[in-house]
Amino acid sequence: MIEVRGVARSFVAATSGKRASGARAGLGGLLGLGRKRGAERIVHAVRDVSFHAPGGHITGLLGPNGAGKTTTLRMLAGLITPEAGTLSVDGIDVVARPREVLARMGVLSDSRGLYPRLTARENIVYYAALHGMARDAADARAQELARMFDMTALLDRRTDGFSQGERMKTALARALVHDPANIVLDEPTNGLDVLATRALRESLRWLRTPEGGGKCIVFSTHIMQEVERLCDSVVVVADGRTVASGTVEELLARTGQSDFEEAFVRLAFAPPAAPAEAVPA
Amino acid sequence: MKRSIAAVLTVLRKELTDALRDRRTLMTVLVSSVLLGPLVLLGVSALVASLESRAEQREIYVAGVEKAPTLQNFLERQTYTVKAPPADYEAQLRRSKFTDPVVVVPDDFESALARGDAPVVEVVSDSANQRSEAATARIERLLNAFGRERAVLNLALRGVAVQVLEPVRVDERDLANQQSRATRITGMLPYFVMMAVLYGALTAALDTTAGERERGSLEPLLMNPAERWAIVVGKWGAVACVSMLIAVLSSLSFLPGQWVLRSDTLAAMFQYGVGEALLFLAVLLPFAAALSAVLMAVAIRCKTFKEAQASATIVILVTSLLPLVNVFNLGGESPWHLWVPALAQNTLMTRVLKGEAFNLPQVLIPLAVCIVLTVVGVWFVSRMLRQAALK
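Laid out in structure tokens, this is it:
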């Protein structure tokens, strides 16, 4: 179970070009000393995002590029500290006890680099060891995950020449090696072909079922079809805010549309003066 | 705590496997560091041996010797063989093909000598040709001896005592022992060893920090429940291990390197046994540890391996320039040398080669500096890790 309430986070953007102006164009400007005094631009990556993702349920985080999905998921993984709001996983506060949270959560983040000189199995077992698993258990788990993602043949190959899909499978197996109750995936279908996407969808559906462990799955995407086909509920994020949430049907009914894409555009790109609730039903 | 130590060992094992699988880089570093010692010794010994053999041959090249029978008589009495140089000796000297200096006698040597006109005898050498330069001093001494003999004979004929010519007698007494004399030749060895250690640490240090960022594997790594400092300590341990391996290999490489010493004199002077190798290691291992941490601290701020290489240049530059203070012997050995990393190690290893003992501060100060550098480096990387993972 993942609970996110009213989180916010802003960043100071680098203002290139400004620092070379006027008297600071000298050595100070060259060394970047004048940068601080240039016009600082504060970027509000996340302003107010809230959602609740229960177990045995797939929750989709849908939003256009730059909506704040990745930042939210990074806050969930404890990589970024929120400026406001709370995040908890299975009732454990992320900011206060990040390590306990990470132990019960598998995250496939935006960057999913593998170690090219290690085999797929070694990549997976490395993470297992970092989770404190014994070598035998880790090996057995790697084998099991390889069966689930149909990558047994890849297991003892170095990841150097892997295709996008093969990399993704390895990264996903690596993230799930400790059999976490909560699974967070950041745009998992990026760069995958149709078959790989389909296979991933199947795996996620299975993980949601009681046989698969009844996992709590949260995944972010900007692709409508994925949400329609897979998610039990959708959280629409735009410009750093949660603008709507509910099942696909609920959102369609709310916007009075029959096409989910159209409904999404209405929700996500509604003028700021007219919040989601004001959209004519 | 037990979990953290397990995490340190996990990261250490993985990073070592990773580094050892980078065969091409590893082989390049290994081969260059292991072969370095023997190659340097071989070069030095070849030079010394050829100087020695020339001195033993007692040969002297004189152009126009037929016009100077008196000089020839003197040289032959000193048991030198007088030889005529090749016709184009000047050109050959310039191209370093011909390595002996040539004495040029003027046509009117004998008559001028008889008149007391001091004929000019030229010693032709090329100062850019190092080996001919070394022999020049010997030949000048020989010619001076000839001049002195003539003078003594002339004075004796006029009834003047020989002592008049030598109002002061100069006697040399050299305090340097044989080993410390040898460091004039072997003084660059510590420098080469330190460079080997530096390049040994370089690739691994950059790969575990900037390389990890570039691959995008740092962010997922931090989503494991391991403590950040444990991850960094593990990484540092692996880099330090690789660097220390190079230190061990290059220090030991001088042991078999001695077998190739062609010159008996040099072999006698260059005393490097297992004891010296161990002292070298005692100096080098903390240095390798500190260097690994510093390189990682520099590289963690860089997004790509290439960028990190550019930044690491400053570390390489400092490490390679500081020991030169010793090589050029600027102002001799000063107490502050011990506080400067790289320079301190160079100083201590030079002492080992000279056969001089260490005192307590000489052991403790560089060690303390290395420990502080290591701790600060590891701390800095741990602090930067989260920030580095996100950008």
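These protein sequence lines map, in sequence, to chains A and B.
Going by our numbering, the first sequence wraps up at 282, each residue one higher than the last.
Going by our numbering, the second sequence wraps up at 1465, each residue one higher than the last.
Even glycine gets a Cβ: it sits at the ideal position worked out from N, Cα and C.
Note that this is a predicted model, so its numbers are computed, not measured.
Selected residue, minimal CA-CA separation from Ala1165 of chain B, among B:Met1297, B:Val1156, B:Pro1175: B:Pro1175
Would you mind reading off the limits of the alpha helix (DSSP H) that contains Ala9 of chain A? Taken as a continuous stretch (DSSP letters only), Ala9 of chain A belongs to no alpha helix (DSSP H), being part of the beta strand (DSSP E) at 3 to 14.
Using only CA atoms, which one of B:Met1297, B:Leu1391, B:Ser1327 lies nearest to Val1114 of chain B? B:Ser1327
Measuring alpha carbon to alpha carbon, tell me which of A:His45, A:Arg113, A:Gly86, A:Thr87 ends up nearest Met1297 of chain B. A:Arg113
Three or more C-beta pairs below 8 Å linking the segment 75 to 84 of chain A and the segment 232 to 243 of chain A: no
Against chain A, which members of the segment 1343 to 1358 of chain B pass a CB distance test of less than 8 Å? none
Does the Cβ of Arg199 of chain A have 16 or more other Cβ atoms within 10 Å, making it buried, or fewer, making it exposed? exposed
In the DSSP assignment, the beta strand (DSSP E) including Val1198 of chain B goes from what residue to what residue? 1196 to 1198
Please list the residues of the segment 1281 to 1299 of chain B that have a C-beta atom closer than 7 Å to any C-beta atom in chain A, keeping them in chain order. Arg1289, Gly1290, Ser1291, Glu1293, Pro1294, Leu1296, Met1297, Asn1298, Pro1299
Does chain B have any CB closer than 8 Å to the CB of Ile81 of chain A? yes
Same chain only: Cβ atoms within 6 Å of Gly215 of chain A, ignoring 5 sequence neighbours per side: Gly56, Gly57
With the cut-off set at 8 Å, would you say Ile1305 of chain B and Ala1120 of chain B are in Cβ contact? no
Applying the 10 Å Cβ sphere with the 16-neighbour rule, what's the burial state of Gln1436 of chain B? buried
Buried or exposed, going by whether 16 or more other CB atoms sit within 10 Å of the CB of Arg230 of chain A? exposed
When the Cα atoms are used, what is the spatial distance from Ser1199 of chain B to Met1268 of chain B? 37 Å
Would you tell me roughly how many angstroms separate the C-alpha atoms of Gly1111 of chain B and Phe1266 of chain B, rounded to the nearest one? 8 Å
Please tell me whether Ala139 of chain A has its Cβ less than 8 Å away from any Cβ of chain B. no
What do you reckon, are the CB atoms on Thr153 of chain A and Thr171 of chain A nearer than 8 Å? no
Which residue comes first and which comes last in the beta strand (DSSP E) that contains Ser1201 of chain B? Segment: none, Ser1201 of chain B is in no beta strand (DSSP E) and carries neither H nor E.
Which residues, taken in chain order from the segment 111 to 134 of chain A, show a beta carbon closer than 8 Å to some beta carbon of chain B? Asp111, Ser112, Arg113, Gly114, Leu115, Tyr116, Pro117, Arg118, Leu119, Glu123, Tyr127, Tyr128, Ala130, Leu131, His132, Gly133
Test item: CB-CB of Gly241 of chain A and Leu177 of chain A under 8 Å: no
Using a beta-carbon distance below 8 Å, is Arg75 of chain A in contact with chain B? yes
Hey, would you say Thr1448 of chain B sits closer than 8 Å to Ala1351 of chain B, going by beta carbons? no
Please tell me whether Met149 of chain A and Ser110 of chain A are closer than 8 Å, where the distance is taken between their beta carbons. no
Taking Cβ-Cβ distances shorter than 8 Å, what residues in chain A pair up with Arg1460 of chain B? Leu80
For Asp187 of chain A, which residues does DSSP report across the bridge? A:Ser221
Inter-residue Cα distance where the pair is Leu1472 of chain B and Ser1408 of chain B: Because chain B here runs from 1075 to 1465, residue 1472 of chain B falls outside it and cannot be looked at.
Does the beta-carbon of Leu1459 of chain B, which I'm using as the reference point, lie nearer than 7 Å to any heavy atom of the ligand SAM? The model depicted lacks the ligand SAM and carries no ligand whatsoever.
Can we say the segment 1300 to 1315 of chain B touches the segment 1362 to 1381 of chain B, given the rule of at least three CB pairs closer than 8 Å? yes
Within 10 angstroms of the Cβ of Lys70 of chain A, are there 16 or more other Cβ atoms? Answer buried if so, exposed if not. buried
Whole-Å CB distance - Glu4 of chain A paired with His53 of chain A, under 8 Å assumed: 5 Å
Return the chain-ordered ranges of every beta strand (DSSP E) run that is complete within the segment 1242 to 1311 of chain B and spans a minimum of 3 residues. none
Helix, strand or coil for Tyr1135 of chain B? Go by DSSP, reduced to three states. strand
State the DSSP-derived secondary structure class of Phe1402 of chain B, mapped to helix, strand or coil. coil
Shortest alpha-carbon distance to Asn1147 of chain B belongs to which of B:Asp1281, B:Val1122, B:Glu1223, B:Ser1127? B:Glu1223
For the 8 Å Cβ check, are there 3 or more pairs between the segment 60 to 74 of chain A and the segment 90 to 99 of chain A? no
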